[in-house]
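0 is the number of the first residue of the sequence shown in numbering that gives the first Met the number 0; add one for each residue after it.
Glycine included, C-beta positions come from ideal geometry on N, C-alpha and C.
These figures come from a predicted structure and were not determined experimentally.
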Amino acid sequence: MSNVFDDRQCTLGEGPMWHPERQQLFWFDILNKQLMTRENGTPKFWQFDECVSAAGWVNRNELMIASASKLFLFDLTSDTSTKLCDFEADNKVTRSNDGRADPKGGFWIGTMGYNAEPGAGSIYRFYKGELHRLFGDITISNAICFAPDGRTAYFADTAMQKIQKVSLDDDGWPVGTPVVFADLTGDDHNPDGAVVDSEGYLWNAQWGANRVARYAPDGSFVEEIPLPASQISCPAFGGADMRTLFATSAAEGLNGKDEGKTYFAQTNVLGQAEHRVIL
0 MSNVFDDRQC TLGEGPMWHP ERQQLFWFDI LNKQLMTREN GTPKFWQFDE CVSAAGWVNR
60 NELMIASASK LFLFDLTSDT STKLCDFEAD NKVTRSNDGR ADPKGGFWIG TMGYNAEPGA
120 GSIYRFYKGE LHRLFGDITI SNAICFAPDG RTAYFADTAM QKIQKVSLDD DGWPVGTPVV
180 FADLTGDDHN PDGAVVDSEG YLWNAQWGAN RVARYAPDGS FVEEIPLPAS QISCPAFGGA
240 DMRTLFATSA AEGLNGKDEG KTYFAQTNVL GQAEHRVIL
């Protein structure tokens with residue numbers, strides 16, 4: 000059973016991240032350029048001057064945030080930002096989208112066109128101060144997440160309706176060619192954000208399907224968590240026991256009362272704690 004965690008209706012909710020030291024959920028409304036959270040039961044947000052979409056935690060008070068033109072360090076106590084590097088700053092067609100920290104302390108972040116221009120997006124990895132492009136020719140980058148042993152990364156191009164996986168070396172860099180992990184074309188599902196639990200099962204938000212779906216390590220479908228909103232965008236595990244699944248959604252193009260809210264559901268599965276970003 001799902002419940003409303005936060006009833007603010009995001010135009011494009013994305014990037015939920017449970018901060019393990021603060022025991023606090025952060026997420027974004029990309030199109031309204033906001034980082035959102037709740038503190039002591041009270042809604043809170045920070046306003047930025049460009050689209051922001053994903054974050055990793057660096058320490059208790061600092062997040063690394065991806066925006067349309069840069070990666071930057073944001074201090075939650077002083078509300079100050081420090082640029083780490085440019086991020087497709089010379090490309091006005093694209094913005095950041097889905098991203099997550101890997102087990103080695105790197106941060107993977109994807110881009111996409113503002114209007115989902117075909118092939119305009121890429122996936123990058125920021126690791127120990129340097130940004131490297133990993134994959135290109137992606138229309139809507141999504142589903143970036145990692146197996147618990149750090150040997151496999153997952154990602155998707157939503158437009159292709161397939162979740163891919165790629166092996167990682169000892170430093171967390173991809174090796175070899177990505178292969179299909181789950182082909183959703185037969186079910187006509189659109190893979191959005193994803194997270195992997197402690198057992199190595201992948202939980203995928205599916206845009207337009209009112210659900211988060213769970214897949215076994217072999218790519219087979221296991222179960223789903225139905226949710227009131229149609230456009231579910233990304234899940235994250237959190238809560239005191241790491242068994243709560245949070246999910247963001249988007250009200251863009253819709254007018255229902257359930258759209259755009261942030262939900263949670265209790266599971267019997269232990270999630271992975273979000274990994275720290277190493278600058």
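> What number of angstroms, rounded off, separates the C-alpha of S68 from the C-alpha of T138?
Replying inline: Taking the first residue of the sequence shown as 1, we reach residue 68 at position 69. Taking the first residue of the sequence shown as 1, we reach residue 138 at position 139. The alpha-carbon atoms of S68 and T138 are separated by roughly 18 Å.
> Nearest-angstrom Cα distance between M241 and N114?
Replying inline: The sequence position of residue 241 within the sequence shown is 242, counting from 1. The sequence position of residue 114 within the sequence shown is 115, counting from 1. If I take the Cα positions, the gap works out to 35 Å.
> By Cβ distance, which residues of its chain are closer than 8 Å to L183, with the 5 residues on each side in sequence left out?
Replying inline: Stepping through the sequence shown from its first residue, residue 183 is reached at position 184. Closer than 8 Å at Cβ, skipping near neighbours: Q160, K161, I162, N189, P190, Q205.
> By how many angstroms is the C-alpha of F73 removed from the C-alpha of T79?
Replying inline: Taking the first residue of the sequence shown as 1, we reach residue 79 at position 80. Taking the first residue of the sequence shown as 1, we reach residue 73 at position 74. For T79 and F73, the distance between alpha carbons rounds to 6 Å.
> Just how far apart, CA to CA, sit F125 and K91?
Replying inline: In the sequence shown, residue 125 corresponds to position 126, counting from 1. In the sequence shown, residue 91 corresponds to position 92, counting from 1. If you take the alpha carbons of F125 and K91, they lie about 21 Å apart.
> Q205 lies in the beta strand (DSSP E); which residues open and close that run?
Replying inline: One-based indexing of the sequence shown puts residue 205 at position 206. Per DSSP, Q205 belongs to the beta strand (DSSP E) from 201–206.
>> Closest to Q265 by C-alpha separation, out of E258, V211, A228, A215, would be which residue?
In response: Stepping through the sequence shown from its first residue, residue 265 is reached at position 266. Taking only the C-alpha atoms, the option nearest Q265 is V211.
> Using CA coordinates, which residue listed in A239, L226, T10 is at the minimum distance from L269?
Replying inline: On the sequence shown, residue 269 is found 270 positions in, with the first residue counted as 1. Closest by alpha carbon: A239.
>> Starting from Q22, trace the beta strand (DSSP E) in both directions and tell me its first and last residue.
In response: For this step, residue 22 is matched to residue 23 along the sequence shown. Element bounds for Q22: n/a, residue is neither H nor E.
> What is the DSSP secondary structure of A235, counted as helix, strand or coil?
Replying inline: Within the sequence shown, numbered from 1, the residue matching residue 235 stands at position 236. Looking at A235 - three-state DSSP - the assignment turns out to be strand.
>> Restricting to Cα atoms, I'd like to know which of T151, F220, G171 is closest to G185.
In response: Within the sequence shown, residue 185 is the residue found at index 186, counting from 1. Cα-wise, what sits closest to G185 is F220.
> Would you call H274 buried or exposed, if buried means 16 or more other Cβ atoms sit within 10 Å of its Cβ?
Replying inline: Within the sequence shown, numbered from 1, the residue matching residue 274 stands at position 275. It counts as buried.
>> Spatial neighbours of I224 within its chain, please: C-beta separation below 7 Å, excluding the five flanking residues on both sides.
In response: As a working mapping, residue 224 is identified with position 225 in the sequence shown. S1, R210, V211, L244, A264, listed in sequence order.
> Nearest-angstrom Cα distance between I143 and S197?
Replying inline: Along the sequence shown, one-based indexing puts residue 143 at 144. Along the sequence shown, one-based indexing puts residue 197 at 198. Straight-line Cα distance between these residues: approximately 16 Å.
> Beta carbon of Y153, beta carbon of A193: below 8 Å?
Replying inline: Taking the sequence shown and counting its residues from 1, the one referred to as residue 153 is at position 154. Taking the sequence shown and counting its residues from 1, the one referred to as residue 193 is at position 194. Going by C-beta atoms, Y153 is nearer than 8 Å to A193.
> Just the Cα atoms here: how many angstroms apart are F134 and E116?
Replying inline: In the sequence shown, counting from the first residue as 1, residue 134 sits at position 135. In the sequence shown, counting from the first residue as 1, residue 116 sits at position 117. Separation of F134 and E116 (C-alpha to C-alpha, rounded to the nearest whole angstrom) is 16 Å.
> From T157, D170, V195, pick the residue whose C-alpha is nearest to that of G207; which is it?
Replying inline: On the sequence shown, position 208 is the one that residue 207 refers to. Considering only alpha carbons, the answer is T157.
> Is E129 buried or exposed, if buried means 16 or more other CB atoms sit within 10 Å of its CB?
Replying inline: Walking along the sequence shown from the start, residue 129 turns up at place 130. Exposed: under 16 other Cβ atoms inside 10 Å.
>> Alpha carbons only, please: which of Q22, L30, L83 is nearest the one belonging to C50?
In response: By 1-based counting over the sequence shown, the position of residue 50 is 51. Per the Cα distances, L30.
> Since C84 contacts A250 with CB under 8 Å, what's their CB separation in whole angstroms?
Replying inline: Your numbering for residue 84 matches position 85 in the sequence shown. Your numbering for residue 250 matches position 251 in the sequence shown. 32 Å between Cβ atoms; not a contact.
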